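Chains as they are written, first to last, in our numbering: chain A, 1 to 373; chain F, 1 to 104.
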């Protein structure tokens with residue numbers, strides 16, 4: 001196969017890579033978006049679909065700012081995708097609830113949110129502590145065990161599969177090459193370019209953006225970067241479609257635009273194990289029924305596990321390689337929430353060969369082991 | 001469109017479909033009884049409202065879902081008729097209690 005030559009290759013056709021590629025469309029950049037194929041772990045296809053701000057940035061103020069910037073830009077992204085591709089990603093962003101089931105849970109949560117907002121340099125975002133009555137006004141049908149919760153008006157949800165489809169369609173319709181089945185096995189830095197060896201031949205590029213999720217851990221060192229991401233397993237339970245009853249998403253429970261009810265939760269460090277853990281599913285279902293007793297007789301149709309892409313400190317990484325300029329790594333565990341800044345800020349900057357100022361707060365070298373003095 | 005074979009032997013059983021009393025035969029599945037009663041479509045889809053009826057007759061397509069004796073989303077092809085069974089065709093998604101929300 002003859003080598004394909006492009007200006008920019010984005011490695012990873014998930015939500016992160018596709019959003020960045022979408023941000024590069026119509027800039028005159030010859031672009032290839034390389035997707036591994038159906039064997040990939042695909043967090044983009046297993047995620048819960050929330051646009052979620054509340055709680056983000058604890059321990060790193062810049063992450064709170066970056067996350068809320070994305071949430072505020074989300075309506076513009078959804079409108080652009082609809083205008084350019086005709087695909088409605090079902091954005092609903094009128095607020096979201098983190099429900100608490102005991103007074104102690106609510107106290108701990110409220111105290112944590114207060115400490116979050118009080119961090120030095122933290123750009124405040126709206127977050128309210130709601131008592132039971134306030135929760136019940138917004139979400140009628142909430143169970144008697146719900147004592148209150150926290151609410152952010154920036155929170156919401158979307159249809160993440162349509163989001164992925166729309167980003168891919170947006171890239172393809174502006175002349176970007178979306179290359180399926182292109183697993184990158186080796187990256188060879190050469191003078192002023194990179195040679196990507198893939199399962200379907202060679203792709204040469206002037207710049208390369210690694211957005212390969214868990215595979216970034218092995219790909220980044222090939223260009224002198226460090227992205228020690230590991231899998232973090234979450235699980236989703238899918239219930240029958242029912243008539244609309246949940247006007248706002250909860251952090252662990254939402255109803256899609258098509259009526260399906262989803263329960264999503266759990267964080268497990270189990271390596272690349274994607275099997276379901278029924279004890280965890282049972283606990284998730286039991287809690288969902290306490291939050292909404294109406295769900296008691298609604299049946300489960302399926303469930304899945306998926307792997308989050310987690311960095312050692314849980315925050316994203318945006319970095320250019322000092323050793324191989326023109327090579328970038330991007331990784332995060334909130335590909336839906338951050339899709340708007342990835343598409344509207346990061347993509348265009350990377351097409352110019354640089355990181356946007358706000359993304360420089362998330363360097364890769366923070367994970368380097370420093371020698372003792 | 002569908003007619004019973006002349007050698008049908010099952011005893012007659014009265015069931016109701018959308019409140020109308022209909023004769024079924026012992027051994028019929030709900031889906032077969034719907035066909036025998038001339039009901040092609042037994043539900044409309046939650047997303048587009050398109051009509052749907054029994055298709056695979058073997059439990060895999062989930063197109064024959066109906067409410068049976070008060071329980072929604074039952075597979076008609078995987079349920080045998082019983083005397084007095086109440087079958088209700090479904091329009092869109094099943095209901096659960098739907099209280100009115102207020103804006104925050």
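The C-beta atom is built at its ideal place from N, Cα and C for all residues, glycine as well.
Because the structure is a prediction, the values reported are computed rather than measured.
Checklist entry - Nearest to residue 143 of chain A by alpha carbon, out of A/132, A/151, A/152, A/193? => result The shortest Cα separation from residue 143 of chain A among A/132, A/151, A/152, A/193 belongs to A/132.
Checklist entry - For chain F, is any of its Cβ atoms less than 9 angstroms away from the one on residue 53 of chain A? => result At a cut-off of 9 angstroms between beta carbons, residue 53 of chain A makes no contact with chain F.
Item to check | residue 2 of chain F, buried or exposed, once every other Cβ within 10 Å from all chains shown has been counted against 16 | outcome: Residue 2 of chain F should be labelled exposed.
Next on the checklist: If you measure between the beta carbons of residue 336 of chain A and residue 49 of chain A, is that distance less than 9 angstroms?
Outcome noted: At a Cβ-Cβ threshold of 9 angstroms, residue 336 of chain A and residue 49 of chain A count as neighbours.
Item to check | Under the three-state DSSP convention, the category residue 52 of chain A falls into | outcome: Looking at residue 52 of chain A - three-state DSSP - the assignment turns out to be coil, as it is neither helix nor strand.
Item to check | residue 19 of chain A versus residue 87 of chain A: straight-line alpha-carbon distance, rounded | outcome: Residue 19 of chain A and residue 87 of chain A have their C-alpha atoms roughly 15 angstroms apart.
Checklist entry - Does DSSP put residue 103 of chain F in a helix, in a strand, or in coil? => result Here the model assigns residue 103 of chain F a pLDDT of 44, short of 50, so the residue's position is not dependable and the matter cannot be decided.
Checklist entry - Under 9 angstroms between C-beta atoms, does residue 44 of chain F make it to chain A? => result No, because no Cβ of chain A sits closer than 9 angstroms to the Cβ of residue 44 of chain F.
Next on the checklist: If I measure Cβ to Cβ from residue 182 of chain A and keep anything under 6 angstroms in the same chain, skipping five residues before and after, which residues do I get?
Outcome noted: If we look at residue 182 of chain A and ignore the five residues flanking it on each side, its Cβ neighbours are 34, 198, 200.
Checklist entry - residue 3 of chain F by DSSP, collapsed to three states: which one? => result Three-state DSSP puts residue 3 of chain F in coil, outside helix and strand.
Next on the checklist: Among A/80, A/347, A/39, whose alpha-carbon lies nearest the alpha-carbon of residue 10 of chain A?
Outcome noted: If we check each option's Cα against that of residue 10 of chain A, A/347 comes out closest.
Checklist entry - So is residue 283 of chain A buried or exposed if we call it buried at 16+ other beta carbons inside 10 Å? => result Flag for residue 283 of chain A reads exposed.
Item to check | Candidates F/33, F/7, F/8, F/25: closest to residue 89 of chain F by CA position | outcome: For the residues F/33, F/7, F/8, F/25, the minimum Cα distance to residue 89 of chain F belongs to F/33.
Item to check | 8 angstroms Cβ shell around residue 164 of chain A - same chain, five flanking residues per side excluded | outcome: 14, 15, 18, 44, 45.
Checklist entry - Is DSSP giving residue 245 of chain A helix, strand or coil here? => result Coil.
Next on the checklist: Please report the distance separating the alpha-carbon of residue 84 of chain A from that of residue 273 of chain A.
Outcome noted: Going from the Cα of residue 84 of chain A to the Cα of residue 273 of chain A covers about 38 angstroms.
Checklist entry - So which of A/352, A/134, A/341, A/29 has the shortest CA-CA distance to residue 177 of chain A? => result The shortest C-alpha separation from residue 177 of chain A is found at A/29.
Checklist entry - Whose Cβ in chain A lies nearer than 7 angstroms to the Cβ of residue 93 of chain F? => result Correct list: 241, 242, 243, 259.
Item to check | residue 197 of chain A in three-state terms, based on DSSP | outcome: Strand, per DSSP.
Checklist entry - On the three-state DSSP scale, how would you describe residue 365 of chain A? => result Under the three-state reduction of DSSP, residue 365 of chain A is assigned to helix.
Next on the checklist: Per DSSP, what are the beta-bridge partners of residue 112 of chain F in this structure?
Outcome noted: Nothing about residue 112 of chain F can be reported from this structure: the residues present for chain F run from 1 to 104 only.
Item to check | chain A contact residues for residue 47 of chain F, given Cβ-Cβ distances below 7 angstroms | outcome: The contacting residues are 258.
Checklist entry - In whole angstroms, what separates the C-alpha of residue 203 of chain A from that of residue 6 of chain A? => result Looking at the two C-alpha atoms, the distance is approximately 8 angstroms.
Checklist entry - Since residue 160 of chain A and residue 232 of chain A are thought to touch, with beta carbons under 8 angstroms apart, how far apart are those beta carbons, to the nearest angstrom? => result Between residue 160 of chain A and residue 232 of chain A, the beta carbon gap of about 17 angstroms keeps them out of contact (Cβ cut-off 8 angstroms).
Checklist entry - So what's residue 216 of chain A in DSSP terms, helix, strand or just coil? => result When DSSP states are grouped into helix, strand and coil, residue 216 of chain A belongs to the helix group.
Checklist entry - So the alpha helix (DSSP H) residue 63 of chain A belongs to, where does it begin and stop? => result Residue 63 of chain A -> alpha helix (DSSP H) spans 61-85.
Checklist entry - Taking DSSP as the reference, what is the three-state secondary structure of residue 58 of chain F? => result The answer is coil: DSSP assigns residue 58 of chain F none of H, G, I, E or B.
Checklist entry - chain F partners of residue 167 of chain A, CB-CB under 7 angstroms? => result In chain order: nothing, as chain F lies at least about 22 angstroms away.
Item to check | Under the three-state DSSP convention, the category residue 22 of chain A falls into | outcome: Here residue 22 of chain A sits in helix by DSSP.
Item to check | CB contact below 9 angstroms: residue 254 of chain A versus chain D | outcome: Here the protein chains are A and F, and chain D is not one of them.
Checklist entry - Taking 9 angstroms as the CB-CB limit, is residue 295 of chain A close to chain F? => result Interface annotation, residue 295 of chain A: in contact with chain F, CB-CB separation under 9 angstroms.
Checklist entry - Where residue 325 of chain A and residue 195 of chain A are concerned, what is the direct C-alpha to C-alpha distance, given to the nearest angstrom? => result Spanning the two alpha carbons is a distance of roughly 14 angstroms.
Next on the checklist: Please report the distance separating the alpha-carbon of residue 1 of chain A from that of residue 205 of chain A.
Outcome noted: For residue 1 of chain A, the predicted model reports a pLDDT of 44, less than 50, meaning its position is unreliable and no value from the coordinates is stated.
Item to check | Run of the beta strand (DSSP E) containing residue 266 of chain A, from where it starts to where it stops | outcome: In this chain, the beta strand (DSSP E) harbouring residue 266 of chain A covers 260-268.
Checklist entry - Are the CB atoms of residue 155 of chain A and residue 52 of chain A nearer to each other than 9 angstroms? => result In contact: residue 155 of chain A and residue 52 of chain A (Cβ atoms closer than 9 angstroms).
Checklist entry - Hey, how far is the Cα of residue 101 of chain F from the Cα of residue 135 of chain A? => result In this predicted model, residue 101 of chain F has a pLDDT of only 46, less than 50, meaning its place in the structure is not dependable; the value taken from the coordinates is given anyway. For residue 101 of chain F and residue 135 of chain A, the distance between alpha carbons rounds to 10 angstroms.
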